[in-house]
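What follows is one structure encoded as structure tokens, with my remarks underneath.
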Amino acid sequence: MTDTNTPAIACRNLWQVFGQGAEKALTEALSRSGDDADQAAADLRDAGFIPAVQDANFEVRDGELFVIMGLSGSGKSTLIRCISQLLPGTGGEIRVEGENVVGASKKALTDLRRKKLGMVFQHFGLFPHMTVAENVAYPLRVQGVGRKERLARAQEVISLVGLEGREDSFPRQLSGGQRQRVGIARSLAVNPDIWFLDEPFSALDPLIRRQLQDEFLRIQATLKKSIVFITHDIAEALKLADRIAIMRDGKIVQIGTPSDIVLRPVDDYVREFSKDVAKGQHAKVGSVMRDRGSETGPDDPGLTTAMTLDAALAHCMELYEPVPVRDDTGKVVGTVHPSDLAAALQVDET
Amino acid sequence: MTVLTDVPAQDSARLTAGAKAALITVIVGAVCLVLEGFAPWLIQWPAAWELPATQWVGNFLDWSLNAIKPFARLFSDVMAYPMNWANFVLSNTPWPILIGLVTALGWYLGGLPMAALGFLGLSFVLASGYWAESMNTLALVAVSVPVALILGGAIGILANEVPKVKSFVQAVLDVMQTVPTFAYLTPLLLLFGFGPVVGLIASAIYAAPPMARNVMLGLERVEPEIKEAAIMSGGTRFQQLFQVEIPAAATQIMVGVNQCLMAALSMVIIAAVIGGFNDIGWEVLLTMRKAQFGESLLAGLVIVVFAVVIDRMSGTLATERKRYDQKVVWAMLAFAAAFTAVFWARLPNPADLTLLDPVAQAVDNGLTTFTQNNGPWLDALKNNSLFYVLLPLRIGLDQAVLPFTWGFQWTAQMSYGLFVFGAVIALVFAWRGHLTGGLVALILIGMLETGVSNLPWPFVLTGAAALGWVAGGSRLAVLVVALLSTILVSGLWERALLSLYLSGAAVFFCAVFGGLIGLACAVWEPIWKIVRPICDMLQTIPLFVFLIPVLMVFQIGEFSAFLAICAYAIVPMIRYTRHGLVNTPDEMMEAAISSGATDWQIMRDVRAPYAAPTILLGLNQTILYAFAMLVIAALIGTTGLGQSIYLALGQADVGLGISAGAAMAILALVADRIVQGFAEERRQALGL
């Protein structure tokens, strides 16, 4: 792990434009518009280019689970491929643990991938001619790790994802959920610091999806990777994320915690997303509480910052006075008025 | 892209692209007809205007081939080693061992059915008495296939790795696919001299493209995520390619191996034409020339057996992952070895085996009796087809209708009458809103009057350009005219028209009957159960073998060639028509049924339109097949480019061989692009 001040990933003015001679076109469009990203993107579109990612700026902190959410065609898959350098990136910079990877040499990239990066794919991307164990051990094989050693390590990660006993199966003999477990195991084989997941659960049945989400959270709780997670499912994003970036037509329109997204959407597009989700289940008390110091009533129903609004409301249904809110350690950090809780839930009705 | 639709009557003021193209073609044709008497150069490109392109090509090739001849000869000397070695091994291995090996291989690849196929197949070869010849052929295949696999694989990988090379390789492969097989042989003959090595090299060159194609296709079709997973695993490009992408593409590459094997076998047999060396192809040719059709058929069957065994066994590589118990393999080999050891002294020399000679004799006799008994009927079929269909198509009604055949003499009045009739039809169609259809009918009637080989060249160029324009826009039209013009100025025009006529007639026949059979198969499953194995068989048989049965019944001549071409070229039409019709999405069918459509209405309104692009692709394949067979059919008497290529081979005339081959390739390419254009247009119209 690097020191905590350096973000795991930092993107500055990142562009990915498709089309012949995109790099030059981008530079020109930016200088014409005076670095106005929207104007430049419009220009590029008119000229027949496809600006799939426009001027993306964000940081993924060390150990953070950063979710990029958007509908299909919004550029989220392109964005993760830029960061992992599966696509070259047309402009801007990407720093992985402080080092710019745009324009890095092939060898440097290969090294980076061997040591620090792991990736999980929507349709698993398993090698059809290799067994589960061989698939999982492949990232070690390319580094020249001996057969015995790499299979032993593969065994560890296979156990971690709960696939013991299927080591010698071929991908075609597994169910979708099992296949994605293999994909997850493979991406963890080299114990990477940074973990990319490109819609890992989208191709799965709802039940299996929930099961894998829970296991994913369990694994992350022990491993504490820095994660970029792509999804088109707002519920999944809210459930997993520390922070969410919402993308639309190549642009990041909002970055914020799940509560921010649900309670303070920046525009109708984001609001439209959160409409379908039960806010009470995703927004946390911490996001609506007031500073400490305001007066509280006599009751203390025992609210904490990490409680969902629904749970909090259930605790103070009968109360009409502000109540104290505590953090994990039990220290009072703020107050909340029960009517605020109810009002927060009704934001979208107005 | 333009869309070909019938104009509704009310807005026929605005012509569709199709109608415009047809109209221009009609006008040019009419002008040519009127001026025919005054300007004979409209019909026949004057010799004085011809460029001696054939000679130029010949001189250039002679010069350049001579320059690399020493290297070529060196190469052929080198190649002679593995060939002689393979020959030695195969012909000196006792036959029980070889049969045991093939049976065991069959078991390993496909279990009992394949083992049985291998055993019965080779036993048949043994019984036929052509064992030694077969081993010679097999030795050639055994050496040429690895060369072709390595060559094709390397080309495929190179094209995959270097995007700039890709389109170039693709274009070269396209051209190689359309250049007729015989055309390869002439320059090779000059380079390597007569002898089996020419066949070997020709077959290696001929068999490499399918391998290259399939490697390219396979690598291209590896799921992007699998490629990305290999990158993200930190593999170097080399590791990605050889550890992930190639193994992941194995199925498609195995299809390439299968096609490569079949192409090599086919070419090795055809190469017998340039000088036999006691192989099975030579045997067929020899017996055919001596009119020993029984033996010829027997030798042909040996080829078919090899083709089927090789095809089905290598086919399992591409389909099944399952491999069978190796113990059985060892048991089979042990049994073969034991059998050989025990009966060593008493093993008959395969050359002395004449078990099937009586059969061949009986076939010969039976054939003679058959042709004698059915002579009048067969002759009538042949003559009627020739005089009433093929000949008018070739030289036109105005020359083909003679008192001798039709019972009356064609007169100028009749021509006028026919044209008036055509014009009336066109008007009726136009009045009912189908202007394009009417004009096309008029054009076809005009062509029937004139005959394909007498068509004025401005008319042919305009017509082809019009088709190209409708199918693929002005770029295709320009390409078509440019390509055809090279044939025109190089003095091969007449021959090209003759080739066009025969292949055109065959394609038309195949389109109509193949389409009908395909329709029948799609409508009624049991028919497909019968037709399918026949199609499989026809596609496995090397081209050469098609000539034997038609020759047996109809002797040498254009009609036999026509039949051989049809027999070979009809298969894709049947397959694609059925495939297109059967694969209508269930939802569409259900929507039609729930709308209350009858079976016939569903066929006409839903299934046929949906299948149109697929059927067009079938037609495209049929055209390419017809051209390929046309050249082979030159062996039994056709005129035109095929004949020229064959003659050039006999005289080692590289200029003529290559030019005629190129002309042939141009015709095929033009037809291919136009039909593909229509298919693409249909696909886009359907949103596929």
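Taken in order, these protein sequences are the chains called S and P.
Following this note's numbering, the numbering of the first sequence begins with 1 at its first residue and continues without gaps.
Following this note's numbering, the numbering of the second sequence begins with 351 at its first residue and continues without gaps.
The beta carbon of each residue, even a glycine, is placed where N, CA and C say it ideally should be.
Anticipated Cβ contact below 8 Å, V67(S) with A203(S), distance rounded: Not quite, the Cβ-Cβ distance comes to about 17 Å (not below 8 Å), so this is no contact.
Close beta carbons around T355(P), own chain, < 8 Å, minus the five adjacent residues each side: Residue placement at T355(P) cannot be trusted, given a pLDDT of 43 that sits under 50; the coordinates are not used to answer.
Option nearest Q39(S) by Cα separation, candidates I255(S), K251(S), I94(S): K251(S)
Just verifying my parser: in three-state terms, what is the DSSP assignment at S226(S)? strand
If I follow the unbroken beta strand (DSSP E) through T335(S), where does it start and stop? 332-336
Below 8 Å, can you find three or more Cβ-Cβ pairs linking the region 162-174 of chain S to the region 127-135 of chain S? yes
Would you list the residues sitting across from R673(P) in a DSSP beta bridge? Paired residue(s): none; R673(P) is not in a bridge.
Extent of the continuous alpha helix (DSSP H) to which R1033(P) belongs: 1004-1036
Output needed for I745(P): all residues of its chain with C-beta closer than 7 Å, excluding positions within five of it in sequence on either side, in chain order. G801, S803, N804
Below 8 Å on the Cβ atoms is my guess for V120(S) versus I184(S); work out the distance and round it to an integer in Å. 6 Å
Closer than 9 Å by beta-carbon distance: list the chain S residues that pair up with G597(P), in chain order. The sequence given here places Pro at residue 597(P); Gly does not occur at that position. What P597(P) touches in chain S: F127, P128, H129, M130.
From what residue to what residue does the beta strand (DSSP E) around V572(P) run? Where V572(P) is concerned, there is no enclosing beta strand (DSSP E), because DSSP gives it neither an H nor an E.
DSSP-derived helix/strand/coil call for E844(P): helix
With a threshold of 16 other CB atoms inside 10 Å of the CB of F196(S), please say whether the residue is buried or exposed. buried
Mind reading off the beta-carbon distance from I9(S) to V333(S)? Whole number of angstroms is fine, and I expect it under 8 Å. So it is not a contact: roughly 30 Å between Cβ atoms.
DSSP on T366(P), reduced to helix/strand/coil? coil
Sort out for me which residues DSSP pairs L197(S) with in a bridge. V120(S), F229(S)
Could you check whether the Cβ of V336(S) sits closer than 7 Å to any Cβ belonging to chain P? no
Exposure of A613(P), with buried meaning 16 or more beta-carbon neighbours within 10 Å: buried
Rank F909(P), V618(P), G783(P) by C-alpha distance to the C-alpha of N486(P) and give the top, closest one. V618(P)
Three-state secondary structure (DSSP) at P935(P)? coil
Counting beta carbon pairs with one atom in the region 955-974 of chain P and one in the region 896-912 of chain P, are three or more of them shorter than 8 Å? no
Are any of the Cβ atoms in chain P nearer than 7 Å to that of R12(S)? Closer than 7 Å: no.
Segment contact flag, the region 963-973 of chain P with the region 846-866 of chain P, C-beta cutoff 8 Å, min 3 pairs: yes
Taking a cut of 7 Å between CB atoms, which residues from the region 578-607 of chain P lie near chain S? E578, A579, I581, M582, S583, G584, G585, T586, Q589, V594, P597, A598, A600
Under 6 Å Cβ to Cβ from G450(P), same chain only, skipping five residues before and after it: list those, please. M682, L683, A686
Strictly below 8 Å CB to CB, what residues from chain S border E575(P)? F121, Q122, H123, F124, G125
Can you check which of these residues, L411(P), R662(P), A498(P), is closest to G460(P) by C-alpha distance? The closest CA to that of G460(P), considering only L411(P), R662(P), A498(P), is found on R662(P).
Does DSSP put E908(P) in a helix, a strand or coil? The answer is helix: DSSP assigns E908(P) an H, G or I state.
Would R271(S) pass as an interface residue toward chain P - the criterion being a Cβ-Cβ separation below 7 Å? no
Alpha-carbon spacing of W874(P) relative to T964(P), whole angstroms: Going by the C-alpha atoms only, they are around 19 Å apart.
Along the region 62-92 of chain S, what residues have a CB closer than 7 Å to any CB found in chain P? S84, L86
Considering V839(P), what are the terminal residues of the alpha helix (DSSP H) in which it resides? 807-839
Determine whether the beta carbon atoms of Q254(S) and V277(S) lie at a separation below 7 Å. no
Does any CB atom of chain P fall closer than 7 Å to the CB of Y138(S)? yes
Got a sec: which bits of the region 132-163 of chain S sit with their beta carbon under 8 Å from any beta carbon on chain P, in order along the chain? Y138, P139, R141, V142, Q143
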